[in-house]
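The sequence shown begins at 3 in UniProt numbering and counts up one residue at a time. All C-beta atoms in this analysis are idealised placements derived from N, C-alpha and C, irrespective of residue type, glycine included. Here's the structure we're looking at; comments come further down.
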Amino acid sequence: DVILSVRNLTANVDGSPILKGVNLEIKAGEVHAIMGRNGSGKSTLSKVLTGHPSYEVTGGEVLYKGESLLDKEPDERALNGIFLAFQYPLEIPGVSNIDFLRVAYNARQKHLGLEEIDTFDFEDLVEEKLEVVKMNSSFLERSLNEGFSGGEKKRNEILQMALLEPTLAILDEIDSGLDIDALKIVANGVNQLAKPDNAFLLITHYQRLLNYIEPDFIHVMYDGRIVKSGTKELALELEEKGYDFLDEKILTEV
Ligand code: ADP
Ligand code: MG
Ligand code: MG
């Protein structure tokens, strides 16, 4: 089953072309990783897929579970199971983490035609999911992400993901700024949540994350395109040679 099919996708940010023809196919049960140097367009791709309004699609198409995605509103995409964990999670003072989680969870329930979850049942469910990210329940009563450390914010993103059980989870630089213990917790969370009927798109600058999560496919993004795809060996090659070798390679191949 194909979950996501991106075909020749182009997009502008502030009138400048950033995505210059992205092709990508993700099937159920697969974990994909996109690597690439800063500024290559990785975050832009994740924002276009989730429907961020500042990004203007100029061409190509995206099918999600066989249906056209780009004409759908961001909240509809989320309700249909596309989840984006942010590179920089937002802090929302005055909104407690658990209230935020409950609202998101119940919106999904409603969309699926299911009843809202009872407050006590929700607490039980959240307690169970806290284990996945080894978070203390004291985080639930705090304002969303306010004063959370970098690692806590990222773990909180994984907690949201664990609750919402997305079909397609896009994790943008979930590893950046994490110490090794937090990195292992985050990676372990992803590994636990990966199932035959869902898919993950991991975006990372560093090979390090891939020591803990083994993707089925690795893609290299370069100047708004995926220029190379492969398996684990490709990440090791990038680690060894750095991203600069791509410049020569691309210049000689084009
Ligand atoms: P990556 O995630 O691979 O580091 P981005 O997708 O964030 O790359 O950025 C790709 C390019 O788009 C960069 O040159 C960046 O400066 C530009 N860009 C991204 N977002 C914006 C924005 N909101 N306004 C202007 N330029 C942007
Ligand atoms: Mg970046
Ligand atoms: Mg980025």
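Task: Euclidean distance between Cα positions of residue 345 and Ser140 - done: Absent from the structure is residue 345, since the part of the chain shown begins at 3 and ends at 256.
Open item on the list: Just to confirm my understanding: we take Val192, look at its own chain, exclude 5 residues before and 5 after, and list those with CB closer than 6 Å. What are they?
Closed with: For this step, residue 192 is matched to residue 190 along the sequence shown. So the qualifying residues of the chain are Ile215.
- [ ] May I ask whether a heavy atom of ligand 1 can be found less than 8 Å away from the beta carbon of Met223?
- [x] Numbered from its first residue, the sequence shown carries residue 223 at position 221. Set against 8 Å, the gap from the CB of Met223 to the closest heavy atom of ligand 1 is smaller.
Open item on the list: Taking contact to mean 3 or more Cβ pairs, one atom from each stretch, closer than 8 Å, check whether the segment 31–46 and the segment 59–67 are in contact.
Closed with: Counting Cβ pairs under 8 Å, fewer than three are found: no touch.
TODO: Starting from Phe202, follow its DSSP beta bridges and name the residues at the other end.
DONE: Within the sequence shown, residue 202 is the residue found at index 200, counting from 1. Paired residue(s): Val33 and Ala171.
Open item on the list: Are the CB atoms of Asp177 and Tyr208 within a distance shorter than 9 Å?
Closed with: Start at 1 with the first residue of the sequence shown, and residue 208 comes out as number 206. Start at 1 with the first residue of the sequence shown, and residue 177 comes out as number 175. Here Tyr208 is near Asp177, since their CB atoms are less than 9 Å apart.
Task: Limits of the unbroken beta strand (DSSP E) element including Met223 - done: As a position in the sequence shown, residue 223 is number 221, starting the count at 1. For Met223, the uninterrupted beta strand (DSSP E) segment begins and ends at Phe219 to Tyr224.
- [ ] State yes or no: is the C-beta of Ile20 within less than 9 Å of the C-beta of Ala201?
- [x] Residue 20 sits at position 18 when you count from the first residue of the sequence shown. Residue 201 sits at position 199 when you count from the first residue of the sequence shown. Not in contact: Ile20 and Ala201 (Cβ atoms no closer than 9 Å).
Task: Runs of beta strand (DSSP E) wholly within the segment 33–73 (minimum 3 residues, chain order) - done: The beta strand (DSSP E) runs lying completely inside the segment 33–73 and spanning 3 residues or more are 33–37 and 57–66, given in chain order.
Task: Identity of the residue in Leu127, Gly152 and Val50 nearest Arg9 by Cα - done: Here residue 9 refers to the residue found at position 7 of the sequence shown. When only C-alpha atoms are compared, the closest one is Val50.
- [ ] Determine the extent of the beta strand (DSSP E) in which Ala13 is found, giving its start and end residues.
- [x] The sequence position of residue 13 within the sequence shown is 11, counting from 1. Its beta strand (DSSP E) spans residues Val4 to Val15.
Task: Terminal residues of the beta strand (DSSP E) in which Leu86 lies - done: Translated into the one-based positions of the sequence shown, residue 86 becomes position 84. Ile84 to Ala87 is the extent of the beta strand (DSSP E) around Leu86.
- [ ] Report the three-state DSSP secondary structure of Lys197 (helix, strand or coil).
- [x] Indexing the sequence shown from 1 puts residue 197 at position 195. Taken through DSSP and simplified to helix, strand or coil, Lys197 comes out as coil.
- [ ] Count the CB pairs spanning the segment 51–58 and the segment 79–95 that are closer than 8 Å, and state whether there are at least three.
- [x] Flag = yes, the segment 51–58 and the segment 79–95 touch.
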